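Chemist:
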């Protein structure tokens, strides 16, 4: 008999694989953690450790909403003394880039608002993915 394997994503980038050997009652549990890459860069603004830590803390919560994110870029721009603009680009497997942008009085609130916008987009993608998977088959009544 062969080996049957089933992989289940439980969120936070963690996948569990169950393997069952044929004919035997032996199950193997393999837990994989998928690492999400994080980069932050600034244009005309200095990225302090406090800003970096704040952005990292907020971005680390994104896999809770969509577990297929592989890379997140946070771009801060304060060109010519204007209000800071934060752009967050999340790269997801099979979905491309998901972008959220916000500007405001300081970098911290911009990061918070951009992450909030990105969370809403990720929830929407996840709901569409779930809704399209399980379309019930309806039998039509026979015409007489």
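Numbering (our numbering), first residue to last: 3 to 146. Built from N, CA and C at the ideal position, the CB exists for glycine as well. Note that the structure is predicted; figures quoted are calculated from it, not measured.
#1: Classify residue 145: buried if its beta carbon has 16 or more other beta carbons within 10 angstroms, exposed otherwise.
#2: Following the continuous beta strand (DSSP E) through residue 89, name the residue where it begins and the one where it ends.
#3: Return the CA-CA distance between residue 75 and residue 109, expressed in angstroms with no decimal places.
#4: May I ask which residues mark the beginning and end of the beta strand (DSSP E) holding residue 102?
#5: Throw me the rounded Cβ distance for the residue 60 and residue 104 pair, which I believe falls under 8 Å.
#6: Can the beta-carbon of residue 77 be found less than 8 Å from the beta-carbon of residue 121?
#7: With a Cβ-Cβ cutoff of 8 Å, do residue 123 and residue 94 count as a contact?
#8: Helix, strand or coil for residue 3? Go by DSSP, reduced to three states.
Modeler: Once the coordinates are examined:
#1: On the chain shown, residue 145 is found 143 positions in, with the first residue counted as 1. Counting the other CB atoms within 10 Å of its CB gives residue 145 a total below 16, which places it among the exposed residues.
#2: Position 87 of the chain shown holds residue 89. Boundaries of the beta strand (DSSP E) around residue 89: 87-94.
#3: Your numbering for residue 75 matches position 73 in the chain shown. Your numbering for residue 109 matches position 107 in the chain shown. The C-alpha of residue 75 lies about 15 Å from the C-alpha of residue 109.
#4: The residue labelled residue 102 in the question sits at position 100 within the chain shown. Note, residue 102: beta strand (DSSP E), 98-105.
#5: In the chain shown, counting from the first residue as 1, residue 60 sits at position 58. In the chain shown, counting from the first residue as 1, residue 104 sits at position 102. That belief does not hold up - the Cβ atoms of residue 60 and residue 104 are roughly 12 Å apart, past 8 Å.
#6: The residue labelled residue 77 in the question sits at position 75 within the chain shown. The residue labelled residue 121 in the question sits at position 119 within the chain shown. Cβ distance not < 8 Å, so residue 77 and residue 121 don't count as in contact.
#7: Within the chain shown, numbered from 1, the residue matching residue 123 stands at position 121. Within the chain shown, numbered from 1, the residue matching residue 94 stands at position 92. Result no, Cβ atoms of residue 123 and residue 94 do not sit closer than 8 Å.
#8: In the chain shown, counting from the first residue as 1, residue 3 sits at position 1. Confidence at residue 3 is low in this model, with a pLDDT of 45, below 50, so the placement of that residue should be treated as unreliable; the coordinate-derived value is given next. Residue state, collapsed to three classes: coil.
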